[in-house]
Amino acid sequence: MPTRRTTLAGLAAAALTVPLSASGRALAASTAPGSSAAPDAAAASGRAGAGGTLVIGHRGAAGHRPEHTLASYELAARMGADFMEPDLVPTRDGVLVCRHEPEIGGTTDVAGRPEFAARRTTKVLDGVPVTGWFTEDFTLAELKTLRAVERLPQIRQHNTLYNGRYEVPTFEELLELRFRLSRELGRELGVYPETKHPTYFAAAGLPLEERLLAVLQRTGLNYPNAPVFVQSFEVANLQQLRQLGLRTASVQLLSAAGAPYDTVARGSGPTYADLATPEGLRGIAEYADGIGPDKLQIIPRNADGTLGTPTALVADAHQAGLVLHPYTFRAENNFLPVDYRVGTLPTDYGRAIDEQLTYLRAGVDGLFTDQADIGVVARAELAAS
Ligand code: G3P
Ligand code: CA
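Here the numbering used here is used: the first residue of the sequence shown is 1, the next is one more, and so on.
Pasting the structure below:
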């Protein structure tokens, strides 16, 4: 019997034949047999690389454009990413928008907008006080007056070139982009939405789950083998999504330390270390299709900062029938193991292709990367080796 993992290896290819929404129906028409725009399942499967390895454009192409903008997602797709990854948070009027966090002081120009100065506040987010401006305090119309800025200007000065040029996109706008680019590029692009801080937003009266499901339903993407992975660092909301009717693949995100915030808030439940044990992984396989671990849970670093020896996590997850999509691969020296750095400047690129190759050879099924172009090269080198 095929496991979830072997089924998911063909996800990108299978999805090509099952578009349902208004936009999906248009895609079906445009990709009917004989159509010049028809994506080819075998080609898509091949594009996904040896073993169906996925390149996931983390926050789009965050290494090249301000994160979570349509320009960032589009560039990732054009660079060859299979999936575009949005983090999702709600507005005051309940619209899901693409931001890494509810606090938007570091990723938009809100701090320079006098009309919103009074919205600056302090909230407790997953137990931690955070000061700034929060998406749930803005209507979509208000949020749309803001413009994105680069989160890491000290490291990605080049990206500041684009400060002030792009809106905060809604999830539905990303799905429209996905549809348009899938047709243009002749391959079905995927989306990999993350529900951010589910416990926090449920307490704020803006639960994410029904809203996400409604968008997936409305756009015809809620079906098995859709080009969608839903991800969360919390456990209960992934389980709840299944109960509410989520039919796409889902991924339990893990962390190298701590515990899912829903279990912290409840006062009982597994830590991330518990979830990463063979028993914990078997439990995840009851409601999810894969795990998204910190890459250090797969190959930790030695005390001197060099890359260490792989753990058993890949084998254990595969044994449980789960795919592994670790995060986050970034090309700058600042983020690389000491032995993969080139030169001394934290902003210079190091041997990022080699780092990704090392993880691909360890058996991961895909990777989240800020530089989709590097993921594509690493995957091709793996396939050629
Ligand atoms: O969702 C995978 C990865 O993005 C998790 O980390 O904090 O970048 O959302 P974060
Ligand atoms: Ca994420």
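Each residue gets a CB set at the ideal place from its N, CA and C atoms; glycine is no exception.
- Where residue 140 is concerned, the enclosing alpha helix (DSSP H) starts and stops at 140-143.
- For residue 236, there is no enclosing beta strand (DSSP E); the enclosing alpha helix (DSSP H) has its first and last residue at 236-244.
- Closest in alpha carbon position to residue 197, among 182, 87, 75 and 320, is 87.
- Taking a contact to require three or more Cβ pairs closer than 8 Å, the stretch 170-182 and the stretch 107-123 do not qualify as touching.
- For residue 191, DSSP records a beta bridge to 84 and 228.
- For residue 68, the secondary structure class from DSSP, reduced to helix, strand or coil, is coil.
- The beta carbon of residue 364 is closer than 8 Å to those of 53, 298, 314, 324, 325 and 326 in its chain, skipping five residues each way along the sequence.
- Residue pairing by DSSP puts residue 307 in a beta bridge opposite 301.
- Counting the other Cβ atoms within 10 Å of the Cβ of residue 253 gives 16 or more, which makes it buried.
- The three-state secondary structure of residue 196, taken from DSSP, is coil.
- The way I'd put it, the stretch 127-135 doesn't touch the stretch 232-245; fewer than three beta-carbon pairs between them come closer than 8 Å.
- Contact between residue 98 and residue 68 holds: CB atoms are separated by about 4 Å, below the 8 Å threshold.
- Around the Cβ of residue 292, a 10 Å sphere holds 16 or more other Cβ atoms; the residue is buried.
- Counting C-beta pairs with one atom in each stretch, the stretch 143-157 and the stretch 200-212 have fewer than three that are closer than 8 Å, which means they do not touch.
- For residue 78 and residue 60, the gap between their C-alpha atoms comes out near 11 Å.
- When C-alpha distances from residue 178 are compared across 301, 381, 270 and 76, the shortest belongs to 76.
- Secondary structure at residue 294: strand, using DSSP grouped into helix, strand and coil.
- The nearest non-hydrogen atom of ligand 1 is 7 Å or more from the C-beta of residue 360.
- By DSSP's assignment, residue 332 forms a beta bridge with 349.
- In chain order, 280 place their CB closer than 7 Å to the CB of residue 274, counting only its own chain and leaving out the 5 sequence neighbours on each side.
- If you draw a straight line from the Cα of residue 233 to the Cα of residue 367, it is about 16 Å long.
- With a cutoff of 8 Å on beta-carbon distance, residue 372 and residue 360 are scored as not near each other.
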